[in-house]
Each structure stands twice: as structure tokens, then as C-alpha cells.
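Q: Chains as they are written, first to last, in this note's numbering: chain A, 1 to 114; chain B, 1001 to 1113.
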Amino acid sequence: AQSVTQLGSHVSVSEGALVLLRCNYSSSVPPYLFWYVQYPNQGLQLLLKYTSAATLVKGINGFEAEFKKSETSFHLTKPSAHMSDAAEYFCAVSEVLTGNQFYFGTGTSLTVIP
Amino acid sequence: NAGVTQTPKFRVLKTGQSMTLLCAQDMNHEYMYWYRQDPGMGLRLIHYSVGEGTTAKGEVPDGYNVSRLKKQNFLLGLESAAPSQTSVYFCASSPSGGIIEQFFGPGTRLTVL
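1. Less than 8 Å between CB atoms is the rule here; does A/Lys49 satisfy it with respect to chain B?
2. Does the segment 1020 to 1037 of chain B come within contact of the segment 1063 to 1075 of chain B, defined as at least 3 CB pairs closer than 8 Å?
3. Roughly how many angstroms separate the alpha carbons of A/Ser109 and A/Asn24, rounded to a whole number?
4. Should the segment 81 to 98 of chain A be regarded as contacting the segment 1053 to 1062 of chain B, the criterion being three or more beta carbon pairs within less than 8 Å?
5. Please list the terminal residues of the continuous beta strand (DSSP E) segment that includes B/Asn1065.
6. Just list the residues that DSSP pairs A/Thr77 with in beta bridges.
7. Alpha carbon to alpha carbon, how far is A/His82 from A/Gly62? Give it in angstroms, no decimals.
8. Verify the CB distance criterion: does A/Thr5 have a CB-CB separation below 8 Å to chain B?
9. Helix, strand or coil for B/Asp1038? Go by DSSP, reduced to three states.
10. Here's the rule I'm using: 16 or more other beta-carbon atoms within 10 Å means buried, otherwise exposed. How should A/Phe104 be labelled?
11. When the Cα atoms are used, what is the spatial distance from A/Lys68 to A/Ala86?
12. Beta carbon of B/Gly1105, beta carbon of B/Gln1085: below 8 Å?
13. Any idea what DSSP makes of B/Ser1096, helix, strand or coil?
And the structure:
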């Protein structure tokens, strides 16, 4: 089974600073990769996804992520943090061959300091 | 479209009681999923379904049962609730597996006393 590692359960950045949230996956076969955001007391919303078309993926709200096969990573970035970015972020993978299940990381809580 | 809806939003149970959580989707999706979310553990898959009449176990199925009698509904049952089942439960649906993302409901917060 896949495993997903999100380094840093809590990340704090100043408003306007770079946001970097880390995600590494375990599969030797590159999976499909997703980033979701969860605002307080809400369900998960898709930010962006990688499906092998391009290694740099742009998502909503100015976020982007780069797939690096050599590092088995899919880190999420945003050049300039906004107060409204404060939320929980989850990385998820889906196996290419079976695709029936998603495997989620444990999440990273992002705090934006004014 | 309402998307994915979950009923109820909140519930408090006593140990040993039973209940059913309802998930409904109006997007004609084939795949449906039940997750639980616990602090520091992310989302863990309980059961899932790849079509009407089918169900399969996920990562943490013990203590739960599911049914998918209609394509649009996916029910999660707790036969004898335990405090360890206190959690937030999310339902999700997807038109297919793999490349297509999952669409999530708003969640059900369950407390078992």
C-alpha cells in the first residue's frame, strides 16, 4: 500500500511570505497526486492534482506544486501567504494501477501571522 | 446540485448504541467512500464502494458496516458504538477511481460517551 508523509504538522508563516508544505510518497511507480485544503468545520476541497501531464501544476488561490520523481515529492507552494490561507492541508495519492483508494497524509496546519 | 450531503451533522451516542450515517450524492458518481478524521492521523478509509450493490473494506473497517443499495446513497452503520469511534466522519464520491479527484461532504461529528 501507498504511504504519504507530510513533514511538519504545523507550519507558521508571516503574511506575504512564501508558503512551502512538504509531501513525499512511497510508491516506486509514480501515482496520481492531489492536494486538498480543509477550512475549519468544513469538508475537503481540491487545490490541485498531478496526473502525469506536467510536472508543475497550478491550482486555485495561487497555489502550485511540483512533482519530482527523483525525490518522490510533491511539495505545495504559494509565493505570498494571505490570511485566508490559514487552514489544514492534506496531500493524497491514488495508485495508478488500481485507483480504487486514496491514501492521505496526516495533514499540515498552516497558520498565517499578520 | 447539492453535491455530497451528509446526515446528521452532529450526533452524541452512548456506548453500545447503534446509528446510521447517511451520505447522498447527486452527481451520478460510481465510487463512494467513508473516512474518519482524527487529530494527527489524517483521513483513514473505513469502507468504500465502486458501484451500486458493491462494498469493500478500507484501512479501518472494524466496528462499521456499510450498504450501497442505491447508487446515490452510501450508508455507514455502527452496530454498537464505542468511545474509540468518536471522530469526524467524511463521505466522498468520485466518478471513477485513480485520476479523478474525490468530492467531499461537510462531515458528521460523532461523540460516543
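Every residue, glycine too, gets a C-beta built ideally from N, C-alpha and C.
A: Once the coordinates are examined:
1. With 8 Å as the cut-off, A/Lys49 counts as an interface residue toward chain B.
2. Cβ pair count under 8 Å is three or more, so yes.
3. If you draw a straight line from the Cα of A/Ser109 to the Cα of A/Asn24, it is about 17 Å long.
4. Counting Cβ pairs under 8 Å, fewer than three are found: no touch.
5. For B/Asn1065, the enclosing beta strand (DSSP E) stretches over residues 1065 to 1067.
6. Per DSSP, A/Leu20, A/Glu64.
7. The alpha-carbon atoms of A/Gly62 and A/His82 are separated by roughly 10 Å.
8. No, A/Thr5 lies away from the interface with chain B (no Cβ there is under 8 Å from its Cβ).
9. In the structure shown, the three-state DSSP call for B/Asp1038 is strand.
10. A/Phe104 should be labelled buried.
11. Rounded to the nearest angstrom, the two C-alpha atoms are 26 Å apart.
12. No. Outside cutoff.
13. Annotated three-state conformation of B/Ser1096 is coil, per DSSP.
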